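Worksheet for the structure shown next.
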Amino acid sequence: MLNTQLVEAGKRQRGRLLINGVIPFLVLVGFSLSPFVYANQAILFQMMAFMALAQGVNLLYGFTGYLPFGYVGFFGIGAYGMAISIQLLHFPGLLAVVMGGLLSAIIAIIFLPLLRLSGAYFAISSLAAAEVLSNVVSNSAMIHITNGPYGEQLTQSYHPVTSYVAMVIVLVLTTVTVIFIRNMPFGRALMAIREDPVSAAMAGIAVVRSRSIVWLLSALIAGLTGAIFGWHLSVFYPNTVFDLNISILAIVFTLFGGYGTVTGPVLGSIVLYGLYNAIGISDPQYFQLIYGLLIVALVLFLPGGIISLIQRRGNYVP
Amino acid sequence: MKSTAILGMAAVLLSASLAGCGSSPSTAPSAKSIKDITIGTLYAKSGAFATSSMPEYSGLTFWASQINKTGGVYVKALHKKVPVKIVAYNDQSSATTATTLYSQLITVNHVNILVADFGSVLTSVAVPIAQEKKMLLFDQTGTGASFFTPSNPYIVLTSLPTSGLWPTSLAQYLIHKGYSRIAIVYATNDFDQSQDQTLVSKLKAAHITPVYNNGVPTSTSSYSVLLNNMSHTNPQAVIELGYPNNDIAFLQALKASGDHFNMVFTIFPGQLPQLFVSSVGPSSINNTYTYPAPPLLTFSHVNYGLNTAQFDLAFKKATGQSTNFLSIAGYNTGLIIQKTLSTANSLNQLSLRHAVSRFSGSLSTLDGTFKIDSKGAQIGETLPVGKITTNSKGRVSVQFVTSPNS
Amino acid sequence: MFTYSLVSGILFGIFFGFMALGLNLIFGVMEMVNLAHGDFVVLGGYVAIMALTSLHINPVVSLVIALVLFFLVGLGLFFPLIPRLSNSRDPEMLSLILFFGLSQVLEALMVIKFGVNPESLPLSVFGNSSWHFLGQSYQIAWIVTALVSLVMITLTYVFLYYTSLGRAVRAVMGNREEALASGLPVKRTSAIIFAIGIGLAAMSGVLSPLMIGSLDPTSGLGLTTIAFAIVVIGSLGNPLGSVVGGLVYGVSLMLMQTYLSSWSVLVPYLLLLIIVLVKPSGLLGKGVRHA
Numbered sequence: 001m002l003n004t005q006l007v008e009a010g011k012r013q014r015g016r017l018l019i020n021g022v023i024p025f026l027v028l029v030g031f032s033l034s035p036f037v038y039a040n041q042a043i044l045f046q047m048m049a050f051m052a053l054a055q056g057v058n059l060l061y062g063f064t065g066y067l068p069f070g071y072v073g074f075f076g077i078g079a080y081g082m083a084i085s086i087q088l089l090h091f092p093g094l095l096a097v098v099m100g101g102l103l104s105a106i107i108a109i110i111f112l113p114l115l116r117l118s119g120a121y122f123a124i125s126s127l128a129a130a131e132v133l134s135n136v137v138s139n140s141a142m143i144h145i146t147n148g149p150y151g152e153q154l155t156q157s158y159h160p161v162t163s164y165v166a167m168v169i170v171l172v173l174t175t176v177t178v179i180f181i182r183n184m185p186f187g188r189a190l191m192a193i194r195e196d197p198v199s200a201a202m203a204g205i206a207v208v209r210s211r212s213i214v215w216l217l218s219a220l221i222a223g224l225t226g227a228i229f230g231w232h233l234s235v236f237y238p239n240t241v242f243d244l245n246i247s248i249l250a251i252v253f254t255l256f257g258g259y260g261t262v263t264g265p266v267l268g269s270i271v272l273y274g275l276y277n278a279i280g281i282s283d284p285q286y287f288q289l290i291y292g293l294l295i296v297a298l299v300l301f302l303p304g305g306i307i308s309l310i311q312r313r314g315n316y317v318p
Numbered sequence: 001m002k003s004t005a006i007l008g009m010a011a012v013l014l015s016a017s018l019a020g021c022g023s024s025p026s027t028a029p030s031a032k033s034i035k036d037i038t039i040g041t042l043y044a045k046s047g048a049f050a051t052s053s054m055p056e057y058s059g060l061t062f063w064a065s066q067i068n069k070t071g072g073v074y075v076k077a078l079h080k081k082v083p084v085k086i087v088a089y090n091d092q093s094s095a096t097t098a099t100t101l102y103s104q105l106i107t108v109n110h111v112n113i114l115v116a117d118f119g120s121v122l123t124s125v126a127v128p129i130a131q132e133k134k135m136l137l138f139d140q141t142g143t144g145a146s147f148f149t150p151s152n153p154y155i156v157l158t159s160l161p162t163s164g165l166w167p168t169s170l171a172q173y174l175i176h177k178g179y180s181r182i183a184i185v186y187a188t189n190d191f192d193q194s195q196d197q198t199l200v201s202k203l204k205a206a207h208i209t210p211v212y213n214n215g216v217p218t219s220t221s222s223y224s225v226l227l228n229n230m231s232h233t234n235p236q237a238v239i240e241l242g243y244p245n246n247d248i249a250f251l252q253a254l255k256a257s258g259d260h261f262n263m264v265f266t267i268f269p270g271q272l273p274q275l276f277v278s279s280v281g282p283s284s285i286n287n288t289y290t291y292p293a294p295p296l297l298t299f300s301h302v303n304y305g306l307n308t309a310q311f312d313l314a315f316k317k318a319t320g321q322s323t324n325f326l327s328i329a330g331y332n333t334g335l336i337i338q339k340t341l342s343t344a345n346s347l348n349q350l351s352l353r354h355a356v357s358r359f360s361g362s363l364s365t366l367d368g369t370f371k372i373d374s375k376g377a378q379i380g381e382t383l384p385v386g387k388i389t390t391n392s393k394g395r396v397s398v399q400f401v402t403s404p405n406s
Numbered sequence: 001m002f003t004y005s006l007v008s009g010i011l012f013g014i015f016f017g018f019m020a021l022g023l024n025l026i027f028g029v030m031e032m033v034n035l036a037h038g039d040f041v042v043l044g045g046y047v048a049i050m051a052l053t054s055l056h057i058n059p060v061v062s063l064v065i066a067l068v069l070f071f072l073v074g075l076g077l078f079f080p081l082i083p084r085l086s087n088s089r090d091p092e093m094l095s096l097i098l099f100f101g102l103s104q105v106l107e108a109l110m111v112i113k114f115g116v117n118p119e120s121l122p123l124s125v126f127g128n129s130s131w132h133f134l135g136q137s138y139q140i141a142w143i144v145t146a147l148v149s150l151v152m153i154t155l156t157y158v159f160l161y162y163t164s165l166g167r168a169v170r171a172v173m174g175n176r177e178e179a180l181a182s183g184l185p186v187k188r189t190s191a192i193i194f195a196i197g198i199g200l201a202a203m204s205g206v207l208s209p210l211m212i213g214s215l216d217p218t219s220g221l222g223l224t225t226i227a228f229a230i231v232v233i234g235s236l237g238n239p240l241g242s243v244v245g246g247l248v249y250g251v252s253l254m255l256m257q258t259y260l261s262s263w264s265v266l267v268p269y270l271l272l273l274i275i276v277l278v279k280p281s282g283l284l285g286k287g288v289r290h291a
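Chains as they are written, first to last, in the UniProt record's numbering: chain A, 1 to 318; chain B, 1 to 406; chain C, 1 to 291.
Structure, rendered in structure tokens:
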């Protein structure tokens, strides 16, 4: 009796692992093959970048409850970290991307005290932090390091194909990271903290350390994405990589799809970024109106995002 | 049952990702079968650059409709006239969106001619894409000096010199007038800060150090305290370098403060006089100085396309909009493209670029003399300094204080 | 130079204290951050601009129009949205997201209705005379704005401390559960405060073009952030706290513009970060994580 139950559970476990593995595999295959079918790589590239950012937001909001309006700060710092490594240290592109991610993580360490805040305090303070970063980078006092308001010009290292491949890799790694965290005891500890930090701490969970790890990971993801994004553009101004709309879209994609799952941000990015390219380009205000209304409706009727429609019937969704 | 669910989900995801991305690729048409010349460009219907981008786009589409009325543009490579078709997308003033759209124009629409959107920010992202895809970029008003490098033949600036050159005549005038107390406030962006640098270095060469020279964020919309600080240095000339919104806010604060200076200079009243008349009133730009651009600045010998007066009439009749500098710049881009197509031996992008170099210096349009250097940057057009006079009805006229070339 | 910056900073500060007042009230009573606050301010600005340019209505009249109109809008928004939220699992977070969605909707609607170009009121709308003080002259528009702001802050103070409804409001601010238990009409009080908060935001918006130069549909989020910083600097739920926060912001901004102009845009963000990070216990209260 017990034995069969164990076998059943083991089967279910393996089944779930398989379903989980399908997501990054699909992402890998989809984005590796689609350039051969569809010529506008820039759209595919940006969809990947937004998907990675949405997973980063998902990691932070879905597993710790911090909603980072200023998430774009890490993205921009990643892009600038990459650019500085190329311009001043003469690093090759891929190494510069890694440097961008690391710089972003270092900035995240400096901003660790933000985690002492909660709710709206955290959300708006993170926005303020992103504005500070953006204005420091673009100030003329920084002209010898960041080229100030004149932006970065990296045409000598422009490699659209390599940067595309790098984005695929970072996106797949990000997706796998979210799967691991979600299915490991660490992820369940995070969920416990999210639900009730006081009891979690009493149960012996290292609340501050767990949150800090997730914070650094999500900053690393945004930093790497921003670095590859900047590399792919190879010419950008501070406004381009610190554009607040980047945070807003990443958050909207995550909330729409469903946070705390792996599939939600993937689905949200595909559907809404697709919608954005279908109607957002010619009439952006109507796209904004639609997603604004969608958010209001989701909060009132479906806080778990569209994924929760499937979950509701008791189905397992990765 | 679970496995079918997985398969179903996989299919949905994959097809969604492909559907989101649109159609299958089409191959580039061969030169023989060309039925029309497609010109790809972007415009910003919303956001920070909309005020400037939309008139520029109207100017270009006006040119296309004019040329199509005559049966199309003469293409030397095909030995015949071919209609022009414009393919355009809205980038909403976002450089990120512009990236995907430039790429769309090149890789999906396979346009024959690529034209950039207004200004440096929206042009910047097109420069590396155009270079990599080997498309000649017709840069209308993206005046960032860093776009033009000896190793990149795929860019041509059709209107305006690079922004660093703009203050040349202004510096000359200030020195000539013997002003020694000069106060400058500039917005800290690429366009304005590069002008500040040039101006200050030219003044320094004449042993003048500005009594006030400070940068403010481009988002600044209240200049009252800044103006008060400037007036404490007793300047003879007050110069504000900004985008149109900065200039409007500055002139508004100046009017409210009641301060008077011998000379007040701002950039955009010369390009967008109607905008200033309607937003700050005719009296607040009266007797101020600016760079007068066409149509305030008219060139007497135009050897290609309409002259200013003809354009003014025809443009108003066709679009109902009044002429401003940017609509002229957009029309001028059309003229440069027209000249290029009618002289290039093939539609190959480098051959287009060689054609541009060949006629550079010999073409005079309503926008001035078209002349580029070996890097593709504009050097023919210069910006003189002029003093604006307005009457109570909002009619704007200008008196040149430095000589407009050509 | 210093005097002028200081006095301008005080005038600005009083206005910004008023601008943040609505956010403060809603935050204090309902523990919800109205992320669309700045968008209501901008809407108020558009009311004044439309009224002046197409109907020649003086902004003084528009003040009343905006207050009444948006009080009604506030009531209309409250009942379908807020009670449902209050019963949900995580009202604080969900309300933040809801108001974020609302802010996007308002911004999109403003773009559709008013276009994207910045709009402004002429600074001479209250006449061209100026006020002389300590050897400097200040625009009359600023003086009018600061006076109106002071009057409204005072009225709000009187309302909270000397009326029975105001006492109920303060009871709810102090402890929502206790207020419910002692039979206070918490829902009705919340609805009224929500409507007043939105009305005051729009009312301050009428004057905002005179202080901040010009408005466009995207100005909202920046104003919300400034208002939030002011509320955090001052104390929660107390209108006088808004004045303190506003003054700190206004004076810092003007001194920064005078002495370090290229960094002036950072003022609200730095102030906010300094306050929440350096002095989290004293000024934050509920905002701090307890674990």
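Note that the Cβ used here is the ideal one computed from N, Cα and C, for glycine as well.
Quick caveat, the model's predicted, so the values are computed rather than measured.
C-beta atoms of residue i and residue j nearer than 7 angstroms
| i | j | result |
| --- | --- | --- |
| B/K162 | B/A145 | It should be noted that the sequence gives Thr, not Lys, for residue 162 of chain B. Going by C-beta atoms, B/T162 is nearer than 7 angstroms to B/A145. |
| C/P239 | C/I153 | yes |
| B/I372 | B/S360 | yes |
| B/A116 | B/I86 | no |
| C/L35 | C/F99 | yes |
| A/I86 | A/L154 | yes |
| C/L106 | C/S242 | no |
| A/F69 | A/L112 | no |
| B/Q296 | B/V156 | Looking at the sequence provided, one finds Leu at residue 296 of chain B rather than Gln. No. |
| A/G65 | A/L220 | no |
Integer Cβ distance of residue i from residue j, believed to fall under 8 angstroms
| i | j | result |
| --- | --- | --- |
| B/N246 | B/T218 | 7 angstroms |
| B/V302 | B/T365 | 6 angstroms |
| B/S103 | B/A44 | In fact, because the Cβ distance is near 17 angstroms, the residues do not count as touching under 8 angstroms. |
| A/I43 | A/N277 | 6 angstroms |
| B/V385 | B/S169 | 5 angstroms |
| C/F71 | C/A201 | Rounded, the Cβ-Cβ distance is 11 angstroms, inconsistent with contact. |
| B/S58 | B/Q321 | 6 angstroms |
| A/V97 | A/V178 | Incorrect: roughly 20 angstroms between the Cβ atoms, too far for contact. |
| B/N214 | B/V185 | 6 angstroms |
Same chain only: Cβ atoms within 6 angstroms of residue i, ignoring 5 sequence neighbours per side
| i | result |
| --- | --- |
| C/Y4 | Q136 |
| C/L25 | I193 and G197 |
| B/Q271 | A293 and F325 |
| A/V299 | none |
Close beta carbons around residue i, own chain, < 7 angstroms, minus the five adjacent residues each side
| i | result |
| --- | --- |
| residue 295 of chain C | As displayed, chain C neither begins before 1 nor continues past 291, which places residue 295 of chain C out of reach and without an answer. |
| B/A28 | Interpretation of B/A28 is limited by its pLDDT of 45, a score under 50 that renders its predicted location unreliable; no figure is taken from the coordinates. |
| A/A49 | M167, T225 and F229 |
| B/I34 | L78 and V82 |
| A/Y259 | N58, Y61, G62 and G305 |
In chain order, each alpha helix (DSSP H) run of at least 4 residues that lies wholly inside the region 165-211 of chain A: The region 165-211 of chain A contains these whole alpha helix (DSSP H) runs: 185-195 and 197-202.
Three-pair Cβ contact test at 8 angstroms for the region 124-131 of chain B versus the region 267-274 of chain A: no
The region 392-405 of chain B contacting the region 218-227 of chain C, beta-carbon criterion three pairs below 8 angstroms: A contact is defined here as three or more CB-CB pairs under 8 angstroms, and the region 392-405 of chain B fails this definition with respect to the region 218-227 of chain C.
Runs of alpha helix (DSSP H) lying entirely within the region 91-144 of chain A, each at least 4 residues, in chain order: 93-110 and 119-138
Three or more C-beta pairs below 8 angstroms linking the region 129-137 of chain A and the region 248-268 of chain C: yes
Cβ contact (3+ pairs, closer than 8 angstroms) linking the region 57-64 of chain C and the region 69-84 of chain A: no
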